[in-house]
Amino acid sequence: MVERLTRNFRFISTAATVAPLLGLLGTVTGMVKIFNSLDKTENLKYAGQLAMGIGEALYTTIAGLIVAITLTVLLNIIKEMITSIENELTDIYLKAPVTKGLL
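Under the working numbering, the first residue of the sequence shown is numbered 1, with each subsequent residue one higher.
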């Protein structure tokens, strides 16, 4: 029973781990584009546009962190619930009267 309940934990755990990395990748690629565009500008009259671009690049990191934090918290809550159920079932099994000759 516990095995069935924990079957998809690996996927959830992987998603929680990879999400901030994907967000960081988006941020880094966005920042590279921004800094490459700095080479092409003669002066900083486009500073406002650059600031907007940097802010936009950081949104991917925010999204990745939100996904990772949410999935990690949910995964831990579910694990605790399953452990509690497993402990209750074990207690019920151990307290059950032993009868001979039924099997």
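Glycine included, each C-beta is placed from N, C-alpha and C at the ideal position.
If you draw a straight line from the C-alpha of residue i to the C-alpha of residue j, how long is it?
i: residue 68; j: residue 79; result: 16 Å
i: residue 7; j: residue 84; result: 17 Å
i: residue 5; j: residue 82; result: 7 Å
i: residue 50; j: residue 36; result: 11 Å
i: residue 14; j: residue 75; result: 11 Å
So residue i is in the alpha helix (DSSP H); what residue range does that whole segment cover?
i: residue 60; result: 47-95
Going by C-alpha distance, which of the options is nearest residue i?
i: residue 9; options: 92, 97, 72, 86; result: 72
Cβ pair count under 8 Å reaching 3, the segment 45-63 against the segment 20-37: With contact defined as three or more Cβ pairs closer than 8 Å, the segment 45-63 and the segment 20-37 are in contact.
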